[in-house]
Amino acid sequence: MKKIIIVGGGIAGLSAAYYLKERTNTPCQIILLEEADYWGGKIVTERVDSLVPGDEFVVEGGPDTFVVTKPWGVKLCKELGIDDRLRGTNPKTKKTYILKQGELHELPGGLTMMIPTEIGPMIRTGLLSWFAKMRMGLDFVIPPSQVNGDETLGAFVTRRLGREAYENLIEPLMSGIYAGDGDQLSLQSTFPYLRELEIKHGGLVKGALALRKERLRKARATKEGSPPLAGSRSIFLTPLNGLVEMVDSLLQVLEAAGVELRLNTSAQTVERTANGYSLVTTCGEVISADCIILATPSFVTADLVSGFAPQLVAELRPIEYVSTATVTLAFHEKDLPRPLDGYGYVIPRRAGRRALACTWTSTKFPHRAPDGYALLRVFIGRAGQEEEIDWNDSFLSATAREEVNLTLGINTDPLFERVHRWEKAMPQYALGHPQRLKRIEEILTVYPGLAVAGNAYQGIGIPDCIHSGELAAEKIIQSFIKDL
Ligand SMILES: Cc1cc2nc3c(=O)[nH]c(=O)nc-3n(C[C@H](O)[C@H](O)[C@H](O)COP(=O)(O)OP(=O)(O)OC[C@H]3O[C@@H](n4cnc5c(N)ncnc54)[C@H](O)[C@@H]3O)c2cc1C
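In the numbering used here, the protein residues as written are 1139 to 1622.
The following block contains the structure:
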């Protein structure tokens, strides 16, 4: 019987265990180790009672939704039999705002993959000066760059659409996903399709227009056929009672399949042995195994393998992470000075605020708060600004309250608040990240039976992390076949 250890009980590690069990015919013993006292890693869902018995708030401390354009999230939910639990974003009020000089401006309509495709809304928007609007038009005539290689997200968008469009429109939408600095992030690792649009269609706007046409055609075709997921055309989905439903379903399957699930167990080192690997926990327990999947943040993975894989360590250590926090605030709707008529707002880096964005959760996902209540979530912390933040609850809470006061005029005390701190949580895919991944892959070929997974590599979103777990499981299964 093969013995496999998986370290890290976030969505990547849980998915790796799931796909190992699902896809192999080889009898195997799987041990999943997690240092925290709960499963799910960044996925933390809390339920908070309201004054009305039976009516609850669903508070997400980390992620609150996942995209359907990357298929692995929906696929896993279908396999787990919980796809009927998925809900889309509120179709009635789809507005998103961007902060500019203290005022909220509605995101112009007609954006496809965040790229403008309609002239009218762009002409009307107060987010950009006339100069910036004209500069964006040059995208139609600027030829695609002939440089073959990576560039930063900031450099690319500036080259195509101009600096002002980048800073006021694109940067807050795109860099926010990584809590990153777009002038450092690798285009190829974060939004590779943008460069593909440029190469294929000669410009971003032309490419986005072509995409839009294709989507409309597909939508019409789907209308005539059956919808991809009953009841929703939203590109963001989330289980009714929070993302923890995915974690709970995975755990149920893993438990039933006999996977050994161990919380409060921290891996300290991994060594290579004649037959595979041996892991030592911080309590001194030694566990040996044929194979090992490290679904931990890359800096932890580097520490774990430092005894035998110096080249891997040299590639993993430079991957930087940004710390971030979310503060959820609940109010009576009647106490708010303005209606929360959209999904929330994003804050450009140039605004100099500590907050990155504010989601109007009770509008975006109405099932997350009882009627009559408003639930808001403020994101704090981004690359290059971490030093300005005291990472304690009272500072974070004060920052969030100041943000909603300044922008939304809310100066009443919240009915409750929840602070979730995420230290070194968001990996930054800097320039050169794709090449680094290739080197990591090459180095790993020297260590059969060793695989890595998680958000440090091929994508930070939940579907990417699920897929990374799936790929790690596949790699281990392939190593069984080679051993036969
Ligand atoms: C505030 C926030 C909001 C986000 N919003 C979204 C969103 O809306 N949609 C989306 O798709 N993505 C979102 N993301 C990103 C996404 O949530 C993460 O990238 C993803 O959950 C990471 O999963 P993971 O399994 O790779 O890592 P993690 O969830 O970090 O799991 C790694 C696990 O390893 C454990 N571990 C570490 N060291 C050891 C050790 N030595 N021994 C044993 N265990 C160890 C940790 O305790 C942790 O549980 C968000 C992230 C944050 C922080």
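Don't be surprised by glycine CBs; every beta carbon is placed ideally from N, CA and C.
Please read all numbers here as calculations on a predicted model, not as lab measurements.
Residues near Ser1535 in its chain [Cβ-Cβ closer than 7 Å; skip 5 each side]: Val1465, Glu1555 and Val1557
Interface flag, Phe1437 vs chain C, CB-CB below 9 Å: No chain C is part of this structure, which consists of one protein chain only.
Cutoff 6 Å; reference Glu1631; Cβ partners in own chain excluding five residues on either side: Since the first and last residues shown for the chain are 1139 and 1622, residue 1631 lies out of range.
DSSP state of Ala1412 mapped onto helix, strand, coil: coil
Spatial distance of Phe1294 from Met1260 (CA atoms): 20 Å
Met1139 beta carbon near ligand 1 (any heavy atom closer than 8 Å): Taking 8 Å as the cut-off, one finds no heavy atom of ligand 1 near enough to the beta carbon of Met1139.
Distance cut-off 8 Å: Cys1603 Cβ against heavy atoms of ligand 1: Indeed, a heavy atom of ligand 1 lies less than 8 Å from the Cβ.
Opening and closing residue of the beta strand (DSSP E) in which Cys1166 lies: Cys1166 to Leu1171
Cutoff 6 Å; reference Ser1372; Cβ partners in own chain excluding five residues on either side: Gly1226 and Thr1227
beta-carbon Leu1171 near ligand 1 non-hydrogen atom, thresh 8 Å: yes
Ala1591: CB within 8 Å of a non-hydrogen atom of ligand 3: This structure simply doesn't include ligand 3; it includes ligand 1 instead.
Rounded C-alpha distance that separates Pro1365 from Gln1596: Because the pLDDT at Pro1365 is just 48, under 50, the model does not fix this residue reliably, and the point stays unresolved.
Alpha carbon of Asp1202 to alpha carbon of Ala1412, nearest angstrom: 44 Å
Run of the alpha helix (DSSP H) containing Tyr1331, from where it starts to where it stops: Pro1330 to His1339
Alpha-carbon to alpha-carbon, Leu1546 and Thr1234: Approximately 14 Å, taken between the alpha carbons.
Distance between Ile1168 and Gly1369 (C-alpha atoms, nearest Å): Confidence is the limiting factor: at Gly1369 the pLDDT is only 49, short of 50, which leaves the residue's position unreliable and the question unanswerable from this model.
Residues sharing a beta bridge with Cys1429, DSSP: Ile1142
Cβ neighbour criterion (16 or more within 10 Å) applied to Ala1359: exposed
Helix, strand or coil at Glu1383 according to DSSP, with G and I counted as helix: DSSP places Glu1383 in helix when its eight states are reduced to three.
Sheet register partners of Glu1398 (DSSP bridge): Answer is Ile1169.
At least 3 beta-carbon pairs within less than 8 Å: the stretch 1142 to 1155 vs the stretch 1606 to 1622: yes
Same chain, Cβ closer than 8 Å to Lys1208, neighbours up to 5 away in sequence not counted: Gly1597, Gly1599, Pro1601, Asp1602 and His1605
Cβ-Cβ distance between Arg1273 and Glu1302 below 9 Å: yes
Burial state of Trp1498 (16 or more Cβ within 10 Å): buried
Expected contact under 8 Å - CB spacing of Ser1500 and Leu1478 to nearest Å: 7 Å
Proximity test, Gly1199 beta-carbon vs ligand 1 heavy atom, cut-off 8 Å: yes
Identity of the residue in Asn1543, Val1385, Ala1591 and Ser1444 nearest Leu1218 by Cα: Val1385
Whether Ala1405 touches Val1391 by CB criterion (9 Å): With respect to the 9 Å criterion, Ala1405 and Val1391 are not classified as neighbours on the basis of their beta carbons.
Cβ-based burial, Asn1543 [other Cβ within 10 Å; buried from 16]: exposed
His1558 CB to nearest heavy atom of ligand 1 below 8 Å: yes
Residues near Leu1342 by beta carbon distance below 7 Å, same chain, minus five either side: Ile1253, Asp1277, Arg1298, Leu1299, Leu1332, Leu1335 and Glu1336
Sub-9 Å separation of Leu1311 and Ile1236 beta-carbons: yes
Contact set for Glu1160: own chain, Cβ-Cβ below 6 Å, skip 5 residues either direction: If you ignore the 5 residues before and after Glu1160, its C-beta comes within less than 6 Å of no other C-beta in its own chain.
Sub-9 Å separation of Gly1148 and Gly1179 beta-carbons: yes
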